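Presented below is the structure to which this report refers.
Number of protein chains: 2
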Amino acid sequence: MATYMDVHTGMKGITKEELSAAHRADLAIEAEEGVHFKQAWADPEAGTVYCLSEAPSKEAVQRIHERAGHPADEIHPVPLMVS
Amino acid sequence: MATYMDVHTGMKGITKEELSAAHRADLAIEAEEGVHFKQAWADPEAGTVYCLSEAPSKEAVQRIHERAGHPADEIHPVPLMVS
Numbered sequence: 031m032a033t034y035m036d037v038h039t040g041m042k043g044i045t046k047e048e049l050s051a052a053h054r055a056d057l058a059i060e061a062e063e064g065v066h067f068k069q070a071w072a073d074p075e076a077g078t079v080y081c082l083s084e085a086p087s088k089e090a091v092q093r094i095h096e097r098a099g100h101p102a103d104e105i106h107p108v109p110l111m112v113s
Numbered sequence: 031m032a033t034y035m036d037v038h039t040g041m042k043g044i045t046k047e048e049l050s051a052a053h054r055a056d057l058a059i060e061a062e063e064g065v066h067f068k069q070a071w072a073d074p075e076a077g078t079v080y081c082l083s084e085a086p087s088k089e090a091v092q093r094i095h096e097r098a099g100h101p102a103d104e105i106h107p108v109p110l111m112v113s
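Just so you know, the protein sequences line up as chains A and B, in that order.
So the first sequence is residues 31 to 113, counted in the numbering used here.
So the second sequence is residues 31 to 113, counted in the numbering used here.
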């Protein structure tokens, strides 16, 4: 398992409800690929959404996002983390 | 206070030690602008770093990052969050 940050663009005007619905759509099927979407943040003005996940591969993250109807524009493995 | 996700590019090959040192440099002065950097994630292969912060403004985030020697390429307010 690895940690990924993925980025969606073109989501201008996204609402809290739409972000929650999109996240729920991912959660509903994520286990089928061994993925877990942990958090997501949205900038509705720029239309950018960031999702943090744990997954076996970048492709697994994308398959879930595609099946949920919102393919990511970028998916970055982020092996380094500080807090 | 608001939540921000900022993005640094051009950090190819960044190590865990370099990420930690950069984060510590932010933490050392962040209070002067009322900012708090909560987490950061790095993709050393693409050279991309994502930082999550709480701050009074985007400009305050950038002032700390600039003074610490690593200005951000993008800073997004992320008023929407799900987990």
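Glycine included, every Cβ here is placed at the ideal spot set by N, Cα and C.
Remember, it's a predicted structure, so these values are computed and weren't measured experimentally.
Select from the stretch 61-92 of chain A all residues with a C-beta closer than 8 angstroms to any C-beta belonging to chain B, and list them in chain order.
Sequence-ordered contacts of the stretch 61-92 of chain A with chain B read Lys68, Gln69, Ala70, Trp71, Ala72, Asp73, Pro74, Glu75, Ala76, Thr78, Tyr80, Leu82 [C-beta pairs closer than 8 angstroms].
Can you tell me which of Arg93(B), Ile59(B), Met41(B) puts its alpha carbon nearest to the alpha carbon of Asp73(B)?
As a first step, residue 73(B) is located in the second sequence; it is residue number 43 there, counting from the start. Minimum Cα distance to Asp73(B) is reached at Met41(B).
Below 8 angstroms on the Cβ atoms is my guess for Thr39(A) versus Val108(A); work out the distance and round it to an integer in Å.
Here the question's residue 39(A) lines up with position 9 in the first sequence. Here the question's residue 108(A) lines up with position 78 in the first sequence. The Cβ separation is near 18 angstroms, so there is no contact.
Tell me, which residues are paired with Ile105(A) by DSSP?
On the first sequence, residue 105(A) is found 75 positions in, with the first residue counted as 1. DSSP output for Ile105(A) lists Asp36(A) as bridge partner(s).
Quick check on Pro109(A) - is its C-beta less than 9 angstroms from some C-beta in chain B?
Counting from one through the first sequence, the residue named residue 109(A) turns up at place 79. Yes, Pro109(A) lies at the interface with chain B (some Cβ there is under 9 angstroms from its Cβ).
Between Glu63(B), Val65(B), Trp71(B), Val91(B), which lies nearest to Ile44(B) when the distance is taken from Cα to Cα?
Along the second sequence, read from residue 1 onward, the residue named residue 44(B) stands at position 14. Restricting attention to Glu63(B), Val65(B), Trp71(B), Val91(B), the CA atom closest to the CA of Ile44(B) is found in Trp71(B).
CA-CA distance, Phe67(B) and Val37(B)?
Locating residue 67(B) in the second sequence gives position 37, where the first residue counts as 1. Locating residue 37(B) in the second sequence gives position 7, where the first residue counts as 1. Phe67(B) and Val37(B): Cα-Cα distance of roughly 13 angstroms.
Going by the CB atoms, is the gap between Ala76(A) and Gln92(A) shorter than 9 angstroms?
Within the first sequence, the letter at position 62 stands for residue 92(A). Within the first sequence, the letter at position 46 stands for residue 76(A). No, they are not a contact pair.
Tell me the rounded alpha-carbon separation between Glu104(A) and Ile94(A).
If you number the first sequence from 1, residue 104(A) lands on position 74. If you number the first sequence from 1, residue 94(A) lands on position 64. Near 14 angstroms, if we compare the C-alpha coordinates of Ile94(A) and Glu104(A).
Considering Ser113(A), what are the terminal residues of the alpha helix (DSSP H) in which it resides?
By 1-based counting over the first sequence, the position of residue 113(A) is 83. Neither: Ser113(A) is in no alpha helix (DSSP H) and is coded neither H nor E.
Per DSSP, what kind of secondary structure is Lys68(B) in: helix, strand or coil?
Taking the second sequence and counting its residues from 1, the one referred to as residue 68(B) is at position 38. The answer is strand: DSSP assigns Lys68(B) an E or B state.
Starting from Ala85(A), trace the beta strand (DSSP E) in both directions and tell me its first and last residue.
Start at 1 with the first residue of the first sequence, and residue 85(A) comes out as number 55. First-last of the beta strand (DSSP E) with Ala85(A): 78-85.
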